[in-house]
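Asks: Let me begin by handing over the structure; questions about it come next.
Number of protein chains: 2
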Amino acid sequence: MLADFSTVRGMTMTMMMMTFNVTPVVTMTLARSHTGSLSQMLARYRRPQLPRYATAFSTRGRPTGARLLDRRGTSSALYFSIAALPARGRVEPTLSAGGCPRVTFSFRLLTGALLPTKRRYSVDMAATSGVVPLSEVKRFIAECMEKVGTSRQGATDLADLLVEADYRGHYSHGLNRLETYIEDVTSGACQPNVQPTVLKETLSTAWVDGNDGLGVVVGNFCMELAMAKARQTGVGWVVAKRSNHYGIAGWYSIKAVQCGLLGMSFTNTSPLMCPTGAKSAALGTNPISLAAPAQDGDSFVLDMATTAVAVGKIEVQRRKKERIPENWALGPDGRVTTDTDVAFNTGCLLPLGGVEQTSGYKGYGLGLLVETFCGMLGGSLYGPNVRRWMQTTSGDSVNLGQCFIAIDPECFAPGFQGRMSDLLGYLRGMEPSDPEKPVQVPGDPERRHMKSVDEQGGISYHQNQLKASVGVQGTCTRLCDIGVRVPSYRSRGGARRKTGDSADGHKMKDYSCRRLQYIGVTSEFLRGSIP
Amino acid sequence: MLADFSTVRGMTMTMMMMTFNVTPVVTMTLARSHTGSLSQMLARYRRPQLPRYATAFSTRGRPTGARLLDRRGTSSALYFSIAALPARGRVEPTLSAGGCPRVTFSFRLLTGALLPTKRRYSVDMAATSGVVPLSEVKRFIAECMEKVGTSRQGATDLADLLVEADYRGHYSHGLNRLETYIEDVTSGACQPNVQPTVLKETLSTAWVDGNDGLGVVVGNFCMELAMAKARQTGVGWVVAKRSNHYGIAGWYSIKAVQCGLLGMSFTNTSPLMCPTGAKSAALGTNPISLAAPAQDGDSFVLDMATTAVAVGKIEVQRRKKERIPENWALGPDGRVTTDTDVAFNTGCLLPLGGVEQTSGYKGYGLGLLVETFCGMLGGSLYGPNVRRWMQTTSGDSVNLGQCFIAIDPECFAPGFQGRMSDLLGYLRGMEPSDPEKPVQVPGDPERRHMKSVDEQGGISYHQNQLKASVGVQGTCTRLCDIGVRVPSYRSRGGARRKTGDSADGHKMKDYSCRRLQYIGVTSEFLRGSIP
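Taken in order, these protein sequences are the chains called B and U. With my numbering as the guide, the letters of the first sequence map in order to residues 1 to 531. With my numbering as the guide, the letters of the second sequence map in order to residues 1001 to 1531.
Given below as structure tokens:
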């Protein structure tokens, strides 16, 4: 059996909370003993650096501390890695009827106290090794965008951006967003082949018209410009209007780090945040990103929304038919609600910090700071005027405002990277409150995710991830109609295969599995008892 | 009686939570009827714009909605204004034995639910009208600083800074800090007469050595330099090392607004914030300030610490012998504690957002952002190496890092101030969740406080404010020894009087009242039944 299990090595199972109704606590129950082999293999992966989101874990009822690799982004996806099993305790997999290791998951809600187990799901582990190389995902995205009229360069830029998001573990901002970009292009809201123009410029600043181009094209242009200015005068500050969704804010700030500079990026977004004391949303989730280089390729990468939680977290609770905690969202009466349906339908998130009593006005102020740098300086749409969240594209200009800053640390005290490494090292080395959860710095969870992707040779997408990314069936049909070739994937044995078009290999009944094939993850990835 | 009550007009009673055990709910009970007069006068002050912190209010048990003017800053002081009485309901003051109106306050704790009234306090309103003109406070502070060796300019700069903090309602950063500055100068940690020097410079940046000078001298120098650069290239980015405490961060950002620019300032501070997942503090409360001009003198002024709450809030709970809520602070074991004594003694605050589950890692990231701009860029002390909070001054260089940014909005889209006004107006005009608490924007509470000070012709300091500001008796004695003249104050009748030195007029027994006389607030300000 050892040979079988070795294929599990490094594999990351990605599970969407939306379907699985998972909250931070995941209990893994191994139903039947399979002596030794998996646990032996897994023992090799015992890590001194445990992942960020430790969870309750039980083997035959004994808690041993399973791990969630990461939980972040607006999709609220939970990424659970078999490679990150506990440093102590035994793992005994079940031998399924077909001879494959079989793991039964049950999920529990932890909100102050452990609640009873709600559901159980089984995953056939032998069938989960569909891994798509980054290059294949890039090719697929680029091809999709080219087919709807995007230039080769624009399509490649977008593919690089989205794959980087998935690579870093921000699945909500990767392939997940492809359909939105396609829709914005096909509706005419986004002009896929225009270049930004500089409207006003000084040695250190520029005001840019994005001309309704792809957000990534505008963003790359602005960040490069800011960096060029920073090399001249120490700081470059570039603001764009008439831009579109630009993906993960960190993409742009990290560009600066790669050149030894500090980078920042900000964008305004659809109104979802409720100002402290108000009854409705007026500002977006308005992210802030700062990236700063340390020594030996290390870095500090902050990339955060200024709201308390992402919408996805409310979606999760909704599907579970469980209430949301206080301090997450408001109902239509402007009062904090714990009614999940009310919160979801209202779409009114609290700022970082929560309500006023827990300093939520600070998060509100930070959202307004971002809007000042974007809509106010840029002359784009701003605040409540930005396109509503999930609004059907009308073809009107999205006209987002975005801000990009680059700073050359060489213009200040010598030895910036050394100090940065020293401080990051100090923080990482601090005694943790939970011995199994070392202290991390912003950027560490992404670093861990990238390492995992590298180890497995590609990104492992779950069918539900695809459901939320490649999206509705209509899009997929359209993609097939326009002749996009689905990507190849590596099977467990390491041989490369290619799936056919959408009419090929439809052996699964539900639409998710059909979608799966577009990026070549085997439709057998999850064939267990998932409802 | 009307004549008597008219002296109450515009008066702000400042009450330190530490002594009064006040949490956001204050119930005012008027024990005995005094027909008409005060209520008639107060009726003139019924305001359509109600203050930020509405509170439960009762007149003879009927809730009518009294108001707290503001509650902010690290001192956790509550500023309660008689001028801000309810728009509805009757106010009937008690006629005390001496013929003075007498109001009895009782305070209730609101933490999710109303708890029983804990205590009652009486305030003799006729004795509360000691108001110190801003110019007198400035003179007093400047004289103190000059007496310990500060140049006239440095002393004046510091006085302007501290009085501005009090004027804006940030009492923790005003006169309250005078003793710290005096101690830092007398210990040699701060050089009161040095000027900063520019170590490195480009068109848009500068690296400055504060030479261990007064924080305000370094800060003013750097902000002026940043503004000059912003006028040239659109942006100025100045970082200082070897600085000292620089007061309210907003002081510097507002300087830029006064010239039509956007201003930002950041400083690192003594380690008090616990990184997410750690057991001890490693970063400071590291404030962020952004100020941006709107039309007609309006502005957006953000000035916030990146920790969840200030230390002062824990002190308040401690004096009340009540537990603190979760998400405020950690105990020595690195776990969230609700034990107030443990939290106070540990001095380990959670970042904005609280624990990890409520996105506290974002506040941690923001604290690290500030440290990147300050200690990392500036080459000052940083993170855990900064002088500990409340540490006795050893005379060593405090060596703080600070960052100052100015941005010229004219370098971007025309009409910045118009858009800013439009957005601020929209936010203020949003339907509030509580009809009596209009939505505010960052900077509004300060604006309200300044208006109140203007109306009453000066700042009304409470004895407990002084206890925390002019500080320990030793300092007061020292001040007298060095011949500082105590400030004059305006009595109720409007005549100007001067108190004598510390040996003069000691009619009150406790040290706080002795302290009071240093700025001329009558020791009879509070002579009720305060324990």
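All residues carry an ideal CB built from backbone N, CA and C; glycine is no exception.
Can you determine whether any heavy atom of the ligand SAH sits closer than 8 Å to the C-beta of V1257 (chain U), and answer yes or no?
Replies: This structure simply doesn't include the ligand SAH, nor any ligand for that matter.
Asks: Does DSSP classify W251 (chain B) as helix, strand or coil?
Replies: In the structure shown, W251 (chain B) sits in a helix (DSSP, three-state: H, G or I).
Asks: So, are the CB atoms of V185 (chain B) and S253 (chain B) less than 9 Å apart?
Replies: The answer is no: Cβ separation not under 9 Å.
Asks: Once the 5 residues before and after V194 (chain B) are set aside, which same chain residues still bring their CB inside 6 Å of it?
Replies: If we look at V194 (chain B) and ignore the five residues flanking it on each side, its Cβ neighbours are N211 and G213.
Asks: How about A165 (chain B) and G174 (chain B): do their beta carbons lie closer than 9 Å?
Replies: Against a cut-off of 9 Å, the Cβ pair of G174 (chain B) and A165 (chain B) comes out as a contact.
Asks: Which bits of chain U does F416 (chain B) rub up against, with CB to CB less than 7 Å?
Replies: Neighbours of F416 (chain B) on chain U, chain order: M1376 and L1377.
Asks: For a test of the three-state rule: what should DSSP assign to L330 (chain B), helix, strand or coil?
Replies: It is a strand residue.
Asks: Note down the Cα distance separating T12 (chain B) from S460 (chain B), rounded to an integer number of angstroms.
Replies: Here the model assigns T12 (chain B) a pLDDT of 25, short of 50, so the residue's position is not dependable and the matter cannot be decided.
Asks: In the DSSP assignment, the alpha helix (DSSP H) including L1203 (chain U) goes from what residue to what residue?
Replies: Counting along the chain, L1203 (chain U) falls outside any alpha helix (DSSP H), and DSSP gives it neither H nor E.
Asks: At a Cβ threshold of 9 Å, is A292 (chain B) touching chain U?
Replies: So, interface residue.
Asks: Name the DSSP beta bridge partners of C403 (chain B), please?
Replies: Answer is B:V239 and B:F266, bridged to C403 (chain B).
Asks: Counting only the same chain and skipping the five closest in sequence on each side, list residues whose C-beta sits under 7 Å from that of K1241 (chain U).
Replies: Once the five neighbours on either side are set aside, the close Cβ partners of K1241 (chain U) are D1209, G1210, G1378, G1379, S1380, N1399 and G1401.
Asks: From this set, B:M227, B:R419 and B:P275, which residue's C-alpha is nearest D1434 (chain U)'s C-alpha?
Replies: Here the closest residue by C-alpha is B:P275.
Asks: Please confirm whether D1303 (chain U) and I1248 (chain U) have their CB atoms less than 9 Å apart.
Replies: Yes, they are a contact pair.
Asks: Measure the alpha-carbon distance for G1234 (chain U) versus D1341 (chain U) and round it to whole angstroms.
Replies: Cα to Cα, G1234 (chain U) sits roughly 50 Å from D1341 (chain U).
Asks: Three or more C-beta pairs closer than 8 Å, one from the stretch 1402 to 1414 of chain U and one from the stretch 1252 to 1266 of chain U: is that the case here?
Replies: Contact between the stretch 1402 to 1414 of chain U and the stretch 1252 to 1266 of chain U is present, because at least three Cβ pairs lie under 8 Å.
Asks: Below 9 Å between beta carbons: does that hold for G353 (chain B) and S280 (chain B)?
Replies: Their beta carbons are not under 9 Å apart, which means G353 (chain B) does not touch S280 (chain B) by this criterion.
Asks: For the beta strand (DSSP E) holding I288 (chain B), just list the boundary residues, first then last.
Replies: Where I288 (chain B) is concerned, the enclosing beta strand (DSSP E) stretches over I288 to P293.
Asks: Distance check for N176 (chain B) and P133 (chain B), CA to CA, integer angstroms please.
Replies: Near 16 Å, if we compare the C-alpha coordinates of N176 (chain B) and P133 (chain B).
Asks: Is any beta-carbon of chain B found at less than 9 Å from that of V1439 (chain U)?
Replies: Yes, its Cβ sits closer than 9 Å to a Cβ of chain B.
Asks: Pull up the CB-CB distance for R1419 (chain U) and Y382 (chain B), whole angstroms please, since I reckon it's below 8 Å.
Replies: Right, the Cβ-Cβ distance comes to about 7 Å (below 8 Å), so this counts as a contact.
Asks: When you compare each of U:K1229, U:V1216 and U:Q1295 to T1267 (chain U) by their alpha carbons, which one comes out closest?
Replies: Cα-wise, what sits closest to T1267 (chain U) is U:V1216.
Asks: Would you please state the rounded distance, in angstroms, between the beta carbons of V148 (chain B) and C403 (chain B)? I believe it to be under 8 Å.
Replies: Contact doesn't hold; Cβ gap of about 28 Å is too wide.
Asks: Looking at C-alpha atoms only, which residue of B:A294, B:D444, B:S452 and B:V439 is the closest neighbour of G1277 (chain U)?
Replies: Closest option to G1277 (chain U), Cα to Cα, is B:V439.
Asks: What residues in its chain sit with their C-beta under 7 Å from that of G395 (chain B), if we drop five residues either side in the sequence?
Replies: S187, G188 and A189.
Asks: Going by C-alpha to C-alpha distance, which of U:A1294, U:T1337 and U:P1445 sits closest to G1415 (chain U)?
Replies: Among U:A1294, U:T1337 and U:P1445, the Cα nearest to that of G1415 (chain U) belongs to U:A1294.
Asks: For K362 (chain B), which residues of its own chain have a beta-carbon under 6 Å away from its beta-carbon, when the five flanking residues on both sides are left out?
Replies: Correct list, in chain order: G353.
Asks: On the criterion of 16 or more Cβ atoms from any shown chain inside 10 Å, does T1337 (chain U) qualify as buried, or is it exposed?
Replies: Buried, since its Cβ has 16 or more Cβ neighbours within 10 Å.
Asks: Buried or exposed, going by whether 16 or more other CB atoms sit within 10 Å of the CB of D1454 (chain U)?
Replies: Result: exposed.
Asks: Can you pull the chain B neighbours of E1371 (chain U), defined as C-beta to C-beta under 9 Å?
Replies: Neighbours of E1371 (chain U) on chain B, chain order: L423.
Asks: Quick one: what does DSSP say G1213 (chain U) is sitting in, helix, strand or coil?
Replies: Of the three classes helix, strand and coil, the one that applies to G1213 (chain U) here is strand, per DSSP.
Asks: For a quick check, are the C-beta atoms of G1250 (chain U) and P1271 (chain U) less than 9 Å apart?
Replies: Against a cut-off of 9 Å, the Cβ pair of P1271 (chain U) and G1250 (chain U) comes out as no contact.
Asks: Just how far apart, CA to CA, sit T156 (chain B) and A142 (chain B)?
Replies: Roughly 5 Å between the two C-alpha positions.
Asks: Quick check: the Cα distance between E201 (chain B) and W207 (chain B), rounded to an integer number of angstroms?
Replies: So the alpha carbons of these two residues sit roughly 6 Å apart.
Asks: Are the C-beta atoms of F1404 (chain U) and some chain B residue less than 9 Å apart?
Replies: So no, F1404 (chain U) is outside the interface.
Asks: Please report the Cβ distance between T1306 (chain U) and G1219 (chain U), rounded to the nearest whole angstrom; I am assuming they are in contact, meaning their Cβ atoms lie under 8 Å.
Replies: Incorrect: roughly 19 Å between the Cβ atoms, too far for contact.
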